[in-house]
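Below: the structure, in structure tokens.
Chains as they are written, first to last, in the working numbering: chain A, 405 to 525; chain B, -4 to 453.
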């Protein structure tokens, strides 16, 4: 994803459809994205994938990324390994505990109208 | 046996405000008021204090909280449960007991829960052949770092708290029990839940509910994406669990307080700082957060039901703190016009100073404050022409070194910008170097830990 390129006028971003909560566990940044409306949950799942997350963060996320679904609350939990420059006590970043880092996910564009990964046809 | 109990959340971290807890105690009927004071880093910090003074090593706030709340809590029959004992639970318990005597509560019973601290047993553990693989990095060479170990604490379950309550403790003070054990313990005690398959779902429910409220205002409007619509956050109410013996619960907050409890504030905290939501691993058991059902029950009341889980894995998380060098940090700020060019020139000047000062660093890191400090590579790139039009920008530098003297070279290099730097360079107060304690999280078999409960009287 080229996050510095403007999106089309009709393209929504994750910021338009989800709430976010971001935090840490050691060098792992863990981010909850919660669909504001149940009808946007499929689009949220479809749009937030490990590939999209890696492309967004570049060298700031060095490890594996997992996107866990929570159908019960229409949320996606994004778990990013090696994402905090070594973790709260060692990192050279200001945002030592990743409270802000997850908010960058709100920049991802919403992929409209196709099946989410893992959906049966 | 009670069919339902009310548990209040009194603190979400060491440094949290005390007035919301006091307000709750004054306004609400409560069976328990529970306090989480510990973060991953806290134990190493407390250990350092204890090394300087053998009577220190607990969370000082925990003592102040208990002293302020014991009289009213005792009168109302509210029991106080915390993990504020840190690495010196015995000293904390003695201090609370002596405070109780001094304020006219000679009958108060204080239960001290110990057993999480493995610092003295580390040589034995290292020699035992337990792999002790670092959960973050995969490294397996902790033995090579044995000389740097400053703390070693195991996230322990609520069984010590349960025992202390069974022995009649009015105040329970523990060490590194899990954050949610201060909620699970009272539930297990009151409802007589056994640690067997029949009760795994109910214990999982208490773990989940403890997780939701353990950061206090974190589920009542704090840290919210909907911050703009959260009322009176400076007077926010901390959350209350109305927990039934079957594990079903209603979450609410102090009447007449600020903030809000609705399905979204609860969801926001349910997803906070977790891994796989199907496997929320805690020493008391494993909760499946994908089974949680939420329903709004009126203003500031959310019903939480349906939680499933299973028993504990038999492994416990041990966090070892290691002395690991120093961090030096600086910040400087630059005005329009051409703020971006000023930042870039200052960066080059600092690098030249580092060379002159012979800085020996493991890593050097720069941020442009206002452009990429928080999101790094994920921040959109702005052209220098556009950035030069911004009203102001900052340059932040942080370095990792082996000694305090090396780390201090960052402060010195930044100070040189006063006169060597671009016009308009401005600072706040220079930042002192800080020692690094890195954490080594690992898993150990549960048999390494035996909790002990001591009742202390004034």
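Even for Gly, the Cβ is constructed at its ideal location relative to N, Cα and C.
Are the CB atoms of residue 453/B and residue 96/B nearer to each other than 8 Å? Contact: yes.
Between which residues of its own chain and residue 121/B is the CB-CB distance below 8 Å, once the five residues before and five after are set aside? Cβ within range, chain order: 127, 137, 138, 141.
In whole angstroms, give me the CA-to-CA distance for residue 321/B and residue 252/B. The straight-line gap from Cα to Cα measures roughly 42 Å.
Between the Cα of residue 271/B and the Cα atoms of 435/A, 496/A, 430/A, which residue gives the shortest distance? Residue 435/A is the option with its Cα nearest to residue 271/B.
Rounded separation between residue 71/B and residue 37/B - CA only: Here the alpha carbon of residue 71/B sits roughly 32 Å from the alpha carbon of residue 37/B.
Taking residue 32/B and residue 48/B to be in contact with their CB atoms under 8 Å, please state how far apart those CB atoms are, rounded to whole angstroms. Going by Cβ atoms, the distance from residue 32/B to residue 48/B rounds to 19 Å, so no, they are not a contact pair.
In whole angstroms, what is the alpha-carbon distance linking residue 276/B and residue 313/B? A straight line joining the alpha-carbon of residue 276/B with that of residue 313/B spans about 13 Å.
Reference residue 442/A, options 210/B, 64/B, 259/B, 248/B, closest by Cα: Considering only 210/B, 64/B, 259/B, 248/B, the residue with the shortest C-alpha distance to residue 442/A is 259/B.
Classify residue 333/B: buried if its beta carbon has 16 or more other beta carbons within 10 angstroms, exposed otherwise. Burial of residue 333/B is indicated by the presence of at least 16 other C-beta atoms within 10 angstroms of its C-beta.
Check each candidate in 222/B, 81/B, 292/B, 387/B and name the one with the smallest Cα separation from residue 167/B. That would be 81/B, whose Cα lies nearest to the Cα of residue 167/B.
Does the beta carbon of residue 434/B sit closer than 8 Å to a beta carbon anywhere in chain A? Yes, residue 434/B lies at the interface with chain A (some Cβ there is under 8 Å from its Cβ).
Could you tell me which chain A residues have their CB closer than 7 Å to the CB of residue 345/B, listed as they occur along the chain? Chain-ordered listing is empty here: chain A has no CB closer than 7 Å to the CB of residue 345/B, the nearest sitting near 14 Å.
Start and end of the alpha helix (DSSP H) containing residue 205/B? For residue 205/B, the enclosing alpha helix (DSSP H) has its first and last residue at 195 to 208.
Output yes or no for whether 8 Å exceeds the beta carbon distance between residue 404/B and residue 354/B. Pairing residue 404/B with residue 354/B gives a Cβ-Cβ distance under 8 Å.
Which residues of chain A have a Cβ atom closer than 8 Å to the Cβ of residue 391/B, listed in chain order? Within 8 Å Cβ-Cβ: 498.
Expressed to the nearest angstrom, what Euclidean distance is found between the alpha-carbon atoms of residue 384/B and residue 337/B? The alpha-carbon atoms of residue 384/B and residue 337/B are separated by roughly 12 Å.
CA-to-CA distance, residue 135/B to residue 256/B, given in whole angstroms: Going from the Cα of residue 256/B to the Cα of residue 135/B covers about 44 Å.
Quick one: any contact between the stretch 94 to 113 of chain B and the stretch 189 to 205 of chain B, if contact means 3 or more CB pairs under 8 Å? Cβ pair count under 8 Å is below three, so no.
According to DSSP, is residue 253/B helix, strand or coil? Here residue 253/B carries a strand assignment [DSSP, helix/strand/coil].
Under 8 Å between C-beta atoms of residue 228/B and residue 217/B: In contact: residue 228/B and residue 217/B (Cβ atoms closer than 8 Å).
Do residue 371/B and residue 464/A count as a contact pair if the criterion is CB distance below 8 Å? Yes, the Cβ-Cβ distance between residue 464/A and residue 371/B is below 8 Å.
DSSP beta-bridge partners for residue 248/B? For residue 248/B, which the question treats as bridged, DSSP gives the partners 234/B.
Please report the straight-line C-alpha distance between residue 430/B and residue 412/A, rounded to a whole angstrom. Just so you know, the alpha carbons of residue 430/B and residue 412/A end up roughly 48 Å apart.
Inter-residue Cα distance where the pair is residue 308/B and residue 292/B: Spanning the two alpha carbons is a distance of roughly 35 Å.
CB contact below 8 Å: residue 463/A versus chain B: Answer yes: the Cβ-Cβ gap between residue 463/A and chain B drops below 8 Å somewhere.
Taking only beta-carbon positions, decide if residue 448/A is within less than 8 Å of chain B. Put simply, the CB of residue 448/A is far from chain B, with every gap to its CB atoms at 8 Å or more.
For chain A, is any of its Cβ atoms less than 8 Å away from the one on residue 300/B? The beta-carbon of residue 300/B is placed no less than 8 Å from the nearest beta-carbon of chain A.
Proximal residues, the stretch 75 to 95 of chain B versus chain A, C-beta separation under 8 Å: Here the close residues number zero.
Whole angstroms is fine: what's the gap from residue 221/B's alpha carbon to residue 205/B's? Between the alpha carbons of residue 221/B and residue 205/B lies a distance of about 23 Å.
Contacting residues, own chain, Cβ-Cβ under 7 Å from residue 445/B (five flanking each side not counted): Cβ within range, chain order: 110.
Can you have a look at residue 431/A and say buried or exposed, based on whether 16 or more other CB atoms are within 10 angstroms of its CB? Residue 431/A should be labelled buried.
Please compile the residues from chain B whose C-beta is within a distance smaller than 9 Å of the C-beta of residue 548/A. What is shown of chain A runs 405 to 525, which leaves residue 548/A out entirely.
Can you confirm whether residue 144/B, when its beta carbon is compared against all beta carbons of chain A, has any partner nearer than 8 Å? Not one chain A Cβ lies under 8 Å of residue 144/B.
Name the DSSP bridge partner or partners of residue 437/A? Note: residue 437/A sits in a beta bridge opposite 424/A, 480/A.
For the beta strand (DSSP E) holding residue 430/B, just list the boundary residues, first then last. Start and end: 429 to 440.
Using only CA atoms, which one of 423/B, 177/B, 86/B, 280/B lies nearest to residue 191/B? Taking only the C-alpha atoms, the option nearest residue 191/B is 280/B.
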